[in-house]
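K.L.:
In my numbering, the protein residues as written are 154 to 386.
(1) For the structure I just gave you, are there three or more beta carbon pairs, one from the segment 274–284 and one from the segment 245–264, closer than 8 angstroms?
(2) What does a CB cutoff of less than 7 angstroms around residue 364 pick up in its chain, not counting 5 residues either side in sequence?
(3) If you reduce the DSSP assignment to three classes, tell me which class residue 209 lands in.
(4) To the nearest angstrom, report how far apart residue 244 and residue 345 are at their CA atoms.
(5) Just tell me which of 156, 326, 217, 225 has its CA closest to the CA of residue 172.
(6) Run through DSSP, which three-state label would residue 364 get?
(7) Quick one: any contact between the segment 221–241 and the segment 180–195, if contact means 3 or more CB pairs under 8 angstroms?
(8) Return the Cβ separation of residue 331 and residue 179 in integer angstroms, given the expectation that the two are a contact with Cβ distance under 8 angstroms.
(9) Identify every run of the beta strand (DSSP E) within the segment 267–312, keeping only runs that are complete inside it and at least 3 residues long; order them along the chain.
(10) Within 10 angstroms of its Cβ, does residue 146 collect 16 or more other Cβ (buried), or is it exposed?
(11) List, from N- to C-terminal side, the beta strand (DSSP E) runs of 3 residues or more that fit wholly inside the segment 196–261.
(12) Could you give the distance in angstroms between the alpha-carbon of residue 305 and the alpha-carbon of residue 333?
(13) Helix, strand or coil for residue 172? Go by DSSP, reduced to three states.
(14) Would you identify the three-state DSSP class for residue 335, choosing helix, strand or coil?
(15) Would you say residue 338 and residue 324 are within 7 angstroms of each other, going by their C-beta atoms?
(16) By the 10 Å Cβ neighbour count, where 16 or more other Cβ atoms means buried, how is residue 170 classified, buried or exposed?
(17) Give every residue of the same chain whose Cβ lies closer than 6 angstroms to the Cβ of residue 167, excluding the five residues on either side of it in the sequence, and list them in chain order.
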């Protein structure tokens, strides 16, 4: 708690944290998007920590708060969203480690083991080497942070795509480059009005005007007189 409070007590960081986007274009790419992303993750953490009691909730929430805080220096957003020179050269995870070290320098009593865990949360949250993480998530809170971050990012990318509108009938969007596929708005798909007439009743049509069943030859009389049937002696 003291670590996170040290960040928010810094007026420059606090102001930027409220205003920065979470990404240049992929998800939460709007003013205040970073804070929206973090608040959404906090809600998800609260829900999942009830289902997984082995999770250290405080540690997980610290990772949520810090995992993208470097975006306030990685991105510039006063006019257009783009990368700063430091952001382009270092990336937000390196910047976050620098910010963390700066705050911990004033907290000599901070446990070294906890510092290592927080650092791992930061550098592993992208979850894959090819996505920029130098280490894969190696403890429960790190794994949960990665998957929640990935889920929230993708759900917001879908929401934003649906808000921009559909490209055609049936609730489909065009190709979404961040998700690598076209998307279907399932709510719109289920709300579609049926414009075609309902199919005719084949049984009624086959029966004809005399009401005969379709399996019965109209020219063949049905057996009505049971007296002609053999009787038991």
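A virtual CB, placed ideally from N, CA and C, is assigned to each residue, including glycine.
P.N.:
Let me spell this out:
(1) These segments touch.
(2) With a pLDDT of 48 at residue 364, under the threshold of 50, the predicted position of this residue should be treated as unreliable, and no value is reported.
(3) If DSSP states are grouped into helix, strand and coil, residue 209 belongs with coil.
(4) Approximately 44 angstroms, taken between the alpha carbons.
(5) The shortest Cα separation from residue 172 among 156, 326, 217, 225 belongs to 225.
(6) The pLDDT assigned to residue 364 is 48, lower than 50, so where the model puts this residue is not dependable, and the model offers no usable value.
(7) Judged by pairs of C-beta atoms under 8 angstroms, the segment 221–241 touches the segment 180–195, as three or more such pairs exist.
(8) Yes, residue 331 and residue 179 are in contact; Cβ-Cβ is about 4 angstroms, under 8 angstroms.
(9) As far as the segment 267–312 is concerned, it has no whole beta strand (DSSP E) run of at least 3 residues.
(10) Because the chain spans 154 through 386 in this model, residue 146 falls outside it and cannot be assessed.
(11) The segment 196–261 contains no whole beta strand (DSSP E) run of 3 or more residues.
(12) In this structure, the alpha-carbon of residue 305 lies about 16 angstroms from that of residue 333.
(13) DSSP, reduced to helix, strand and coil, places residue 172 within a helical segment of the structure shown.
(14) Residue state, collapsed to three classes: strand.
(15) Contact: yes.
(16) Residue 170 is classed as buried because its beta carbon has at least 16 other beta carbons within 10 Å across all chains shown.
(17) So the qualifying residues of the chain are 161.
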